[in-house]
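Visitor: Those sequence lines, one after another, are chains W and G. Residue numbers for the first sequence follow our numbering, beginning at 14 and rising by one. Residue numbers for the second sequence follow our numbering, beginning at 57 and rising by one. Ideal Cβ placement from N, Cα and C applies to all residues, glycine included. Nothing here was measured: the structure is a model prediction, and the numbers come from that model. Quick one: structure below, then a few questions.
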Amino acid sequence: MNIAKVWSEFWFRPGSSFDLAWLRIVLVALQCFVLLSYSFPMLSYVLALPEYLWEPRIVLRILHLPFGFPSIPEEGTVIAVFWVTFAFGILSFLGLFTRFSLSVFALGNIVLQGFIYSFRDQHHPEAIMMLALIALALSPSGRVLSIDYWRKQKRKSVTDSQSVALLDLTESYARWPIVFLQLFYPLMYLSAVVSKMTRGGLEWANGISLQYHMILEAYKNGSDLALYLSQFHYLLNFAEFVVLAFQATFFLILFFPRLKWIYLPLGLCFHIIIYVSLRAPFPQWIVLYMIYIPWASVFTWLAAQKVQAKSEYTNA
Amino acid sequence: MDKSLLDNIYKSTVSAFVAFVLVFQAVISLGPIVGLEVGTKYWPLLNYAMYSRSFQEGDTVNVYRPIEIVTADGAVTELSLDMLDLQLWHYRMLGRDLEDGRQDALDFLIEKTATASPLTEVRIKSFPVVVTRDGPELQESEILVRIFVESNRFRSL
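What follows is the structure, given as C-alpha cells:
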C-alpha cells in the first residue's frame, strides 16, 4: 500500500456530517461572542496606542503582500472590517452560503486578531480558533444544520420519509477537520510542558513557581481567589505535578481513546480553575474539547433512550 | 470540471494545509528541546510557553515595574496605568523601551503626562511584592533604573 493511499484513507475516511455542522455552529457562536465582548473593545484600545508600538505580525504582512508593508489602517477601515466579519459570522452560524461565509469570517478574524497582536503584545487563547475556522471553511460544514441544506432539500422536494436521518449522514470530507484539531490539541500541551522543562526543568515544580504565578495574576487581574490560593505551598506543589503529568501525557488519548474519559474532565477542571482563579480566559480551549465527543452517537443514544422510556410508559 | 479532478485538487489542498500546520506546530512545540525558540513570531502557530518560568522563594513578583517621573520643580509622580491609558502589557513594555533609550517611548510619556515643569528624570522601580512559601510578602519598592532627561531628550551620562 503506498503512502498516498494510506494518507488519503486516514484523512478522507467518511465522517459524521452532523458532528462537523455542530462544531461549526458552536465555534462560530463562540467566536461571534468573543468578537463583541473582547475584540471590539481591544480594537478601540489598540487604535489609540502610540504608533511606535506598531509591528505588524507576519500573517498580516503576508496578507498585505500585494500592497507592500502594512501601515496602521484608518479607524473606519478597522471598524468596517469588524462589522463585515461579524455579519459573515452570523451567515456562517445560520449556514447560508456556508463555505464562502466561513471563508470571509475566518479571514476577517485572522486580520482583526493579527491587527490587535501587531502592537507587540501576544497571547495564546485565540490561535487554535483561527485554525479551526480555516478548517471549517475548507470543509463541508454546512452540509446539514444549515439554511443551505434546507434550501437544497426544498429544491429537491424531499419528503420526510425520503430524507436521510441527519444523525446518520456521513461524508468523505466531514472527518478531517475534527481529526486535524484532535491532533493539534496535544501539540499545544506538549509545547507547554516542553517550555517548562527546557526553561527550568523539574525545578518548575517546586511549589513556588505556581505560587508566583498566582500572586502575579492576583495583582494583575484583581483575583482574591488567586491571592488566597497562593498561600498553600504544598497544594500548589501537588498541582504543579498534576499539570506537568497532564500536559506531557495528553497525547495518549489519540492512541487510547477511552482515556478521554479521564483527560477531558481533568482538562476541563484544569481550564475552569485557571479561568476562575487566575482569571486567564481560555474559552476557546474549553469549548474545543467538543472535538473529542462523537455528538451524532450521543444524540442518537439520547433519542433511543427517550423512545424506550416512552414505550415502557405506554406498555405500563 | 471533472469531479475526480476536483476531488484531487480538494484533497491536495487539504493535505497541504494539515501537513503544513501540524508539522510546523510540532517543530515549534518540540523545538526548544534542541534550542529552537520560535516564540510567537509565526502566530497563529506559536509556542505555548505561558506560566513556564520557574521561580524561587524571595523573587520579586514582576507584575509590572512602576514608572515614576521627576520634574524640574522636584515633584515626583508615580504613573498609573490609567494616567497613560495603557493596559498592563503595554505599561511593562513602555518601561523596557525607556530603559532601552527609545526616544519615541519618551515622547509618548511626555505627551501623556504633560507636566507644567520640564521632565528631568524617569525612574523604573521594582514591584513591592515578593513570593514566599506562605504567599505574597510586601517589601519596599526599589529604584532599579534612573533615566535622566534634558529638553525632552535622553541625557547621556
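What's the C-alpha gap between residue 115 of chain W and residue 41 of chain W?
Guide: 9 Å
Visitor: Could you spell out where the alpha helix (DSSP H) holding residue 61 of chain G opens and where it closes?
Guide: Residue 61 of chain G -> alpha helix (DSSP H) spans 59 to 86.
Visitor: Residue 210 of chain G bridges to which residues according to DSSP?
Guide: Per DSSP, the beta-bridge partners of residue 210 of chain G are G:205.
Visitor: Taking residue 168 of chain G as part of the alpha helix (DSSP H), name the residues at either end of that continuous run.
Guide: 159 to 169
Visitor: Going by DSSP, what residues sit across from residue 193 of chain G in a beta bridge?
Guide: G:186
Visitor: For chain W, is any of its Cβ atoms less than 7 Å away from the one on residue 209 of chain G?
Guide: no
Visitor: Compare the C-beta of residue 71 of chain W against all C-beta atoms of chain G and say whether one is closer than 7 Å.
Guide: yes
Visitor: Please classify residue 159 of chain G: is it buried, with 16 or more other beta-carbons within 10 angstroms of its beta-carbon, or exposed?
Guide: exposed
Visitor: Just verifying my parser: in three-state terms, what is the DSSP assignment at residue 178 of chain G?
Guide: strand
Visitor: Taking the straight line between their C-alpha atoms, what separation do you get for residue 137 of chain W and residue 326 of chain W?
Guide: 51 Å
Visitor: Where in the stretch 233 to 278 of chain W do unbroken runs of the alpha helix (DSSP H), each at least 4 residues long, occur, reported from the N-terminal end onward?
Guide: 237 to 242, 246 to 262, 265 to 268
Visitor: Starting from residue 216 of chain W, find everything on chain G with Cβ-Cβ shorter than 7 Å and list it in chain order.
Guide: 110
Visitor: Mind checking residue 274 of chain W: buried by the 16 CB within 10 Å criterion, or exposed?
Guide: exposed
Visitor: Could you tell me whether any Cβ in chain G is nearer than 7 Å to the Cβ of residue 226 of chain W?
Guide: yes
Visitor: Does residue 116 of chain G have its Cβ less than 7 Å from a Cβ in chain W?
Guide: no
Visitor: By the 10 Å Cβ neighbour count, where 16 or more other Cβ atoms means buried, how is residue 172 of chain G classified, buried or exposed?
Guide: exposed
Visitor: Using CA coordinates, which residue listed in W:46, W:50, W:121 is at the minimum distance from residue 97 of chain W?
Guide: W:121
Visitor: Name, going along the chain, the residues of the stretch 187 to 219 of chain W whose beta-carbon falls closer than 7 Å to a beta-carbon of chain G.
Guide: 189, 193, 196, 197, 200, 201, 203, 204, 205, 207, 208, 209, 211, 212, 213, 216, 217, 219
Visitor: Taking all protein chains shown into account, decide if residue 205 of chain W is buried (16 or more other Cβ within 10 angstroms of its Cβ) or exposed.
Guide: buried
Visitor: List, in chain order, every chain W residue whose beta-carbon is nearer than 7 Å to that of residue 144 of chain G.
Guide: Per Cβ cutoff of 7 Å: 233.
Visitor: Can you list, in chain order, the residues of its chain with a C-beta nearer than 8 Å to that of residue 217 of chain W? Leave out the 5 residues immediately preceding and following it.
Guide: 209, 210, 253, 257
Visitor: Sorry if obvious, but does the Cβ on residue 179 of chain G come closer than 6 Å to a heavy atom of the ligand COA?
Guide: Among the ligands in the structure shown, none appear at all, so the ligand COA cannot be discussed.
Visitor: Please classify residue 278 of chain W as buried or exposed, where buried requires at least 16 other C-beta atoms within 10 Å of its C-beta.
Guide: exposed
Visitor: What do you reckon, are the CB atoms on residue 186 of chain W and residue 152 of chain W nearer than 7 Å?
Guide: yes
Visitor: Listing by chain order, which chain G residues have their CB less than 8 Å from the CB of residue 303 of chain W?
Guide: Under the 8 Å cutoff, chain G gives no residues; its nearest Cβ is about 19 Å from residue 303 of chain W.
Visitor: Out of G:162, G:195, G:209, G:179, point me to the one whose CA is closest to residue 65 of chain W's CA.
Guide: In terms of Cα proximity to residue 65 of chain W, the closest of G:162, G:195, G:209, G:179 is G:162.
Visitor: Please report the residue range of the beta strand (DSSP E) in which residue 127 of chain G lies.
Guide: 123 to 127
Visitor: Are the Cβ atoms of residue 47 of chain W and residue 127 of chain W separated by less than 7 Å?
Guide: no
Visitor: Helix, strand or coil: which one does DSSP assign to residue 306 of chain W?
Guide: coil
Visitor: Please tell me whether residue 94 of chain G has its Cβ less than 7 Å away from any Cβ of chain W.
Guide: With 7 Å as the cut-off, residue 94 of chain G does not count as an interface residue toward chain W.
Visitor: Helix, strand or coil for residue 114 of chain W per DSSP?
Guide: In this structure, residue 114 of chain W counts as helix in the three-state DSSP scheme.
Visitor: Measure the beta-carbon distance from residue 193 of chain W to residue 148 of chain W and round it to whole angstroms, keeping in mind my assumption that it falls under 8 Å.
Guide: 6 Å
Visitor: What span of residues does the beta strand (DSSP E) with residue 133 of chain G cover, start to end?
Guide: It spans 132 to 135 - the beta strand (DSSP E) in which residue 133 of chain G sits, taken as one unbroken run.
Visitor: With a CB to CB cut of under 8 Å and the five nearest residues on each side skipped, what residues in its chain are close to residue 185 of chain G?
Guide: 116, 117, 119, 192, 193, 194, 195
Visitor: Sort out for me which residues DSSP pairs residue 28 of chain W with in a bridge.
Guide: W:184
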